[in-house]
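This report refers to the structure that appears directly beneath it.
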Amino acid sequence: MGRALIAVALLALAFVAWRAAPGIGAPSADALAAFVARAEPDAPAGFALFAALVLAASLVSEDLTCIGVGLLVAQGRVGYGAGVAACALALWLGDLALYGAGRLLDLSRLRARAVLGAGPLWILASRFLPGARLPTYVAAGALRYPLGAFALWLGVGALLWTPIAVGAAAGLGGIAGTHGGMALAAVALAVFVALRLAARVATWRGRRLLFGAWQRWRRWEFWPSGLLYAPLVPWIAWLALRHGGLRVATAANPGMPAGGLCGEAKHPILAALAAAWPERVARTGFVPRGPVEARVAHVQRFVREHALAFPVVLKPDVGERGSGVAIVRDASTLRAALAARSGDLLVQEYVAGVELGLFYVRRPGEARGRLTSITEKRMIAVTGDGASTLEALILRDPRAVCLAPVHLARHAASLARVPAAGARVPLVEIGTHSRGALFLDAAALATPALEDAVDRLSRGHPGFHLGRYDVRADSIEALQAGRFRVIELNGLTAEPTSMYDPRHGVVHAWRALAAQWRTAFEIGAANVAAGARPAGWREIARLWRARGA
Numbered sequence: 353m354g355r356a357l358i359a360v361a362l363l364a365l366a367f368v369a370w371r372a373a374p375g376i377g378a379p380s381a382d383a384l385a386a387f388v389a390r391a392e393p394d395a396p397a398g399f400a401l402f403a404a405l406v407l408a409a410s411l412v413s414e415d416l417t418c419i420g421v422g423l424l425v426a427q428g429r430v431g432y433g434a435g436v437a438a439c440a441l442a443l444w445l446g447d448l449a450l451y452g453a454g455r456l457l458d459l460s461r462l463r464a465r466a467v468l469g470a471g472p473l474w475i476l477a478s479r480f481l482p483g484a485r486l487p488t489y490v491a492a493g494a495l496r497y498p499l500g501a502f503a504l505w506l507g508v509g510a511l512l513w514t515p516i517a518v519g520a521a522a523g524l525g526g527i528a529g530t531h532g533g534m535a536l537a538a539v540a541l542a543v544f545v546a547l548r549l550a551a552r553v554a555t556w557r558g559r560r561l562l563f564g565a566w567q568r569w570r571r572w573e574f575w576p577s578g579l580l581y582a583p584l585v586p587w588i589a590w591l592a593l594r595h596g597g598l599r600v601a602t603a604a605n606p607g608m609p610a611g612g613l614c615g616e617a618k619h620p621i622l623a624a625l626a627a628a629w630p631e632r633v634a635r636t637g638f639v640p641r642g643p644v645e646a647r648v649a650h651v652q653r654f655v656r657e658h659a660l661a662f663p664v665v666l667k668p669d670v671g672e673r674g675s676g677v678a679i680v681r682d683a684s685t686l687r688a689a690l691a692a693r694s695g696d697l698l699v700q701e702y703v704a705g706v707e708l709g710l711f712y713v714r715r716p717g718e719a720r721g722r723l724t725s726i727t728e729k730r731m732i733a734v735t736g737d738g739a740s741t742l743e744a745l746i747l748r749d750p751r752a753v754c755l756a757p758v759h760l761a762r763h764a765a766s767l768a769r770v771p772a773a774g775a776r777v778p779l780v781e782i783g784t785h786s787r788g789a790l791f792l793d794a795a796a797l798a799t800p801a802l803e804d805a806v807d808r809l810s811r812g813h814p815g816f817h818l819g820r821y822d823v824r825a826d827s828i829e830a831l832q833a834g835r836f837r838v839i840e841l842n843g844l845t846a847e848p849t850s851m852y853d854p855r856h857g858v859v860h861a862w863r864a865l866a867a868q869w870r871t872a873f874e875i876g877a878a879n880v881a882a883g884a885r886p887a888g889w890r891e892i893a894r895l896w897r898a899r900g901a
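The sequence shown begins at 353 in my numbering and counts up by one.
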């Protein structure tokens, strides 16, 4: 296996050299075989070549490289000392390369300045902490940490780590070696997982991240959409057979492209609502794709024409689950926000207050629609204690830790900050569950005034029968009095988001979704009988492509 690895590498290098310089003849297979036969890893020349190949492999995955070398040790192809030495050297040189890359960068404001104050302890620890090596070593170079001391502690860390990784793979590989290639592959996978878990379990941060990952699987509200919807596939198939095909559901809202199945533009929908009742819809402008300067001018003109002030909201005209939504706090950050978004956008006035989701249904021929779901959306926050960093507060919070990767990425620039005791730090600004908002079932908030207002607004949008309004209001009392502002309206695939209340089980969610799809097919069938046309497959495919554009 070791010689095969060397032979493949040499053949590849020879082929590249031959293609680059056709005048140079390619070495023969016999010459290569003779070279490989002399390139034993325990011999000086062979070790140099073996170490170079290990270094190249480590640039892809250090852990898998150490495991692979350990399996070679188990097979007797490489000595344990030579394997450990090659891996340690590869890890050391790779880490020094990260340091060198940092020397070329200006990262003087990087938050790693604080942790590098711990000196050798942090450099040594970062070898064992998942995700810590890249930022630490690049930051060390950027902050001009002394090269000699840095190289010394890198070497110590590599010499501590590689015997464990190579030895574990060699030991288990020796046991499994008599059972064939599949057993060796299983050992490689087991050691890889064990090394990753051991590194995480060794620190409080790693343990909290593991706990958060476990919570995302244990608590159904955080499941991937595919997993949540999989049990509903037979039910939707039955509804399609009963009502004349899958496309019938797209006729539930004839006034929306494909009924609001996917990929529909938000601006025409909001414009139709605003034409019916402008006081109940947040003022919204369209920003077409194009040069950044032209888009900046669009936004500035919108702000002037409507006598608004920052902040304003930027969101994709076609999008879902809060993807690409940004609250622009001032004019100085507007250009960067626009430059980061390439598609057609909406600029919308920022509406302060409480945010809720209102699911509305009106069957054809009914005199009045009704609210079938009301969701209160709470933007979670953490409270400082004067001693803990923002990162620690996020990981300690029982709700925030469930979506720790989302919150840590969003607040990456301020994770090392220590909020004052009692200071409230919002983690979420938009009411999207996948971005961290807490959804609560608020059916008790329904009032005749609220239902009247939603029904009046819905009747003003031709061809709308089923969907969810996302609204903001000054207070719960204002909402119940029918005073709110619509920030978005979603059609066929909108969810009755009250089902995500942590107090509800997954069976409750499946029942809510099953009822929604039954209603959608029934409304669609009634509209088709009255002359509406379902979306064609080409239109559906076009809209599906648009959602990812």
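Just so you know, even glycine gets a beta-carbon here, dropped at the ideal spot from N, CA and C.
Burial check for residue 513: the Cβ neighbour count within 10 Å reaches 16 or more, so the residue is buried.
Counting every other CB atom within 10 Å of its CB across the protein chains shown gives residue 581 a total below 16, marking it as exposed. Judged by beta-carbon spacing, residue 422 lies beyond the 8 Å limit of residue 508, meaning their Cβ atoms are not closer than that value. Distance from the CA atom of residue 856 to the CA atom of residue 500, rounded to whole angstroms, is 58 Å. Annotated three-state conformation of residue 519 is helix, per DSSP.
Distance from the Cα of residue 702 is smallest, within the candidate group 882, 660, 669, for 660. Restricting attention to beta strand (DSSP E) runs no shorter than 3 residues, the segment 662-702 encloses them at 664-668, 678-680, 697-701, ordered along the chain.
Secondary structure at residue 778: strand, using DSSP grouped into helix, strand and coil. In the DSSP assignment, residue 793 falls within the unbroken beta strand (DSSP E) covering 790-793. Rounded to the nearest angstrom, the Cβ distance from residue 611 to residue 602 is 4 Å, consistent with a contact under 8 Å. Per the Cβ contact rule, the segment 781-792 is not in contact with the segment 715-726 (fewer than 3 Cβ pairs under 8 Å). Within the same chain, 393, 421, 422, 424, 425, 518, 522 come within 8 Å of residue 435 by CB-CB distance, once the 5 residues on both sides are set aside.
Here the segment 824-842 makes contact with the segment 704-713; the two share three or more CB pairs at distances below 8 Å. With fewer than 16 other Cβ atoms from the protein chains shown falling within 10 Å of its own Cβ, residue 658 counts as exposed. With a threshold of 16 other beta carbon atoms within 10 Å, residue 673 falls short and is exposed.
No residue range can be given for residue 660, since it is assigned to no beta strand (DSSP E) and is classified by DSSP as neither H nor E. Considering only 697, 579, 598, 503, the residue with the shortest C-alpha distance to residue 637 is 697.
Closest option to residue 843, judged by alpha-carbon separation, among 566, 606, 494: 606. Listed in chain order, the non-local C-beta contacts of residue 670 below 8 Å within the same chain comprise 615, 616, 617, 618, 695, 696, 898, 899, 901, local neighbours out to five positions each way being set aside. Looking from the CA of residue 886, the closest CA among 724, 767, 600 belongs to 600. In the same chain as residue 891, and ignoring 5 residues on each side of it, the C-beta atoms closer than 8 Å to its own belong to 609, 610, in chain order.
For residue 767, the three-state secondary structure derived from DSSP is coil. Between residue 757 and the set 506, 596, 561, the nearest pair of CA atoms involves 561.
Taking 8 Å as the upper bound for CB-CB distance, residue 841 and residue 679 are not in contact here, some 20 Å apart. If you keep only unbroken beta strand (DSSP E) runs of at least 3 residues inside the segment 780-834, you get 790-793, 818-825.
The DSSP-derived three-state label of residue 430 is coil.
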